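Asks:
Numbering (full-length UniProt numbering), first residue to last: 1 to 389.
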């Protein structure tokens with residue numbers, strides 16, 4: 001699961017305010033040097049190796065395969081910190097994602113594809129970072145499956161990886177101007193304020209780094225959050241440009257999230273809206289509910305995600321129904337603080353002209369065409385293990 005450096009940073013940065021049982025999602029960070037207090041100064045190596053057996057089925061076709069990253073993304077990273085005095089620290093993070101089943105890089109075009117930033121962190125004035133980093137989208141832990149890139153209905157419906165006759169694209173069923181805010185934003189500059197009465201805010205600006213291109217921004221956004229030790233509330237607004245060959249189209253993205261975590265039960269909910277500002281493009285709204293029920297070494301997870309759209313046109317340029325429902329169930333068994341076993345099972349049911357994928361499983365195409373079949377229900381089932389170091 002992508003419960004990595006940024007998964008619950010907001011919770012730990014904001015502080016607990018009053019005494020409570022330790023939230024379940026915070027305990028998951030105990031292996032990470034940024035948060036566990038083990039690194040006051042110096043450089044720490046950390047990472048995860050996650051491997052499993054995955055079964056997929058869609059449109060009468062099935063596949064059994066080994067798969068990396070069923071719960072935690074397989075990765076390794078370097079986190080560094082220097083105490084500059086007066087409550088000020090210099091920090092950096094370099095993180096690479098890889099596929100444990102064959103040893104290849106997760107992204108062949110980028111070595112440190114997950115994190116690549118340097119910054120300053122002040123207990124009085126807040127934190128600033130420069131480079132590739134988590135943006136101001138809703139935090140990854142709003143999804144009880146951690147927004148992992150495999151077994152998460154929230155990942156596939158929230159980012160809306162849609163198959164079209166021309167290939168795959170984010171929210172591409174909405175129209176030519178549609179795109180998505182990347183989970184990790186290139187060229188980003190972020191500022192996180194100190195916490196006051198449980199509130200903090202984060203601002204982000206990411207230039208396009210392309211001479212002569214207007215607008216000069218690739219993405220910009222803001223996130224407001226509040227935390228009291230058991231309840232986390234957040235709202236965000238982002239603008240992003242440059243997808244599907246229409247780099248001047250702005251997309252407005254809105255999000256709301258809530259997590260209630262007592263250590264004995266986790267309840268979460270989220271709402272996201274994606275609105276490309278191109279004439280005749282549609283709008284997508286995604287609703288998410290999830291829960292985690294930890295019992296000793298065991299943890300049971302479940303989420304339901306529904307994506308609905310309006311203003312979407314079919315291939316005949318007529319308004320069409322375009323929605324999808326996703327369900328994901330999970331079970332974890334912890335062998336130690338760093339090692340565990342997991343099981344996952346889920347599906348996405350596509351309605352109308354919706355063609356959303358699940359767990360990288362391509363949809364079958366219509367006879368004599370590159371257009372994907374309609375009304376499909378991709379299914380995924382995984383059994384695996386992970387070790388964090």
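C-beta: ideal position from N, C-alpha, C; glycine also. Predicted, not measured: the structure shown is a model, and the values here were computed from it.
When you compare the CB positions of residue 96 and residue 79, do they come within less than 8 Å of one another, or not?
Replies: The residue you call residue 96 lines up with position 96 of the chain shown. The residue you call residue 79 lines up with position 79 of the chain shown. Contact flag unset, no.
Asks: How would you label residue 139, buried or exposed, when you count the other beta carbons within 10 angstroms and need 16 or more for buried?
Replies: Mapped onto the chain shown, residue 139 falls at position 139. Result: buried.
Asks: So what does DSSP say about residue 3, is it helix, strand or coil?
Replies: Position 3 of the chain shown, counting from 1, holds the residue named residue 3. The pLDDT assigned to residue 3 is 39, lower than 50, so where the model puts this residue is not dependable; a value taken from the coordinates is nonetheless given after this. Residue 3: coil per DSSP, three-state reduction.
Asks: Specify the secondary structure class of residue 24 as computed by DSSP and reduced to three states.
Replies: If you number the chain shown from 1, residue 24 lands on position 24. In this structure, residue 24 counts as helix in the three-state DSSP scheme.
Asks: What is the DSSP secondary structure of residue 308, counted as helix, strand or coil?
Replies: Mapped onto the chain shown, residue 308 falls at position 308. Residue 308 falls in the strand class under three-state DSSP.
Asks: For residue 255, which residues from the same chain have a beta carbon less than 6 Å from its beta carbon, with the 5 sequence-adjacent residues on both sides left out?
Replies: Working through the chain shown from its first residue, we reach residue 255 at position 255. 138, 236, 272, listed in sequence order.
Asks: With 16 other CB atoms within 10 Å as the buried threshold, where does residue 323 fall?
Replies: Taking the chain shown and counting its residues from 1, one reaches residue 323 at position 323. With 16 or more other Cβ atoms within 10 Å, it is buried.
Asks: For residue 262 versus residue 282, is the C-beta distance shorter than 8 Å?
Replies: On the chain shown, residue 262 is found 262 positions in, with the first residue counted as 1. On the chain shown, residue 282 is found 282 positions in, with the first residue counted as 1. No, the pair does not count as a contact, with Cβ atoms beyond the cut-off.
Asks: Here's the rule: buried if 16 or more other CB atoms are within 10 angstroms of the residue's CB, otherwise exposed. What is residue 28?
Replies: Translated into the one-based positions of the chain shown, residue 28 becomes position 28. By the neighbour-count rule (16 or more Cβ atoms within 10 Å), residue 28 is buried.
Asks: Around the Cβ of residue 197, are there at least 16 other Cβ atoms within 10 angstroms (buried) or fewer (exposed)?
Replies: The residue you call residue 197 lines up with position 197 of the chain shown. The residue is exposed, with fewer than 16 neighbouring Cβ atoms inside 10 Å.
Asks: Between the beta-carbon of residue 209 and the beta-carbon of residue 238, is there less than 8 Å?
Replies: The residue labelled residue 209 in the question sits at position 209 within the chain shown. The residue labelled residue 238 in the question sits at position 238 within the chain shown. Their beta carbons are not under 8 Å apart, which means residue 209 does not touch residue 238 by this criterion.
Asks: Which residue from 159, 369, 50 puts its Cα closest to that of residue 286?
Replies: Counted from its first residue, the chain shown places residue 286 at position 286. Among 159, 369, 50, the Cα nearest to that of residue 286 belongs to 159.
Asks: Look at the alpha carbon of residue 340 and the alpha carbon of residue 201, and state the distance between them as a whole number of angstroms.
Replies: To locate residue 340, count along the chain shown from 1; it is residue 340. To locate residue 201, count along the chain shown from 1; it is residue 201. Residue 340 and residue 201: Cα-Cα distance of roughly 34 Å.
Asks: Assess, as a yes-or-no matter, whether the stretch 160-178 is touched by the stretch 327-342 under the definition of 3 or more beta carbon pairs within less than 8 Å.
Replies: Touching, no, given that fewer than three Cβ pairs across the two stretches are closer than 8 Å.
Asks: Counting beta carbon pairs with one atom in the stretch 123-142 and one in the stretch 357-377, are three or more of them shorter than 8 Å?
Replies: Cβ pair count under 8 Å is below three, so no.
Asks: Go ahead and pull the three-state DSSP assignment for residue 330.
Replies: The count along the chain shown starts at 1 and reaches residue 330 at position 330. The answer is strand: DSSP assigns residue 330 an E or B state.
Asks: Just to check my reading of the structure: residue 72 and residue 107 have Cβ atoms closer than 8 Å, yes? What is that Cβ distance to the nearest angstrom?
Replies: For the purposes of this step, residue 72 is taken as residue 72 along the chain shown, with counting starting at 1. For the purposes of this step, residue 107 is taken as residue 107 along the chain shown, with counting starting at 1. With a Cβ gap of about 17 Å, residue 72 and residue 107 do not count as contacting.
Asks: Starting from residue 236, follow its DSSP beta bridges and name the residues at the other end.
Replies: Locating residue 236 in the chain shown gives position 236, where the first residue counts as 1. Among the bridge pairs identified by DSSP, residue 236 is matched with 223, 255.
Asks: From which residue to which residue does the beta strand (DSSP E) around residue 386 run?
Replies: Along the chain shown, one-based indexing puts residue 386 at 386. Residues 379-388.
Asks: Thinking residue 329 and residue 302 are a contact (beta carbons under 8 Å), I'd like their distance in whole angstroms, please.
Replies: Position 329 of the chain shown, counted from the start, is the residue given in the question as residue 329. Position 302 of the chain shown, counted from the start, is the residue given in the question as residue 302. At roughly 5 Å, the Cβ-Cβ gap stays under 8 Å, so residue 329 and residue 302 are in contact.
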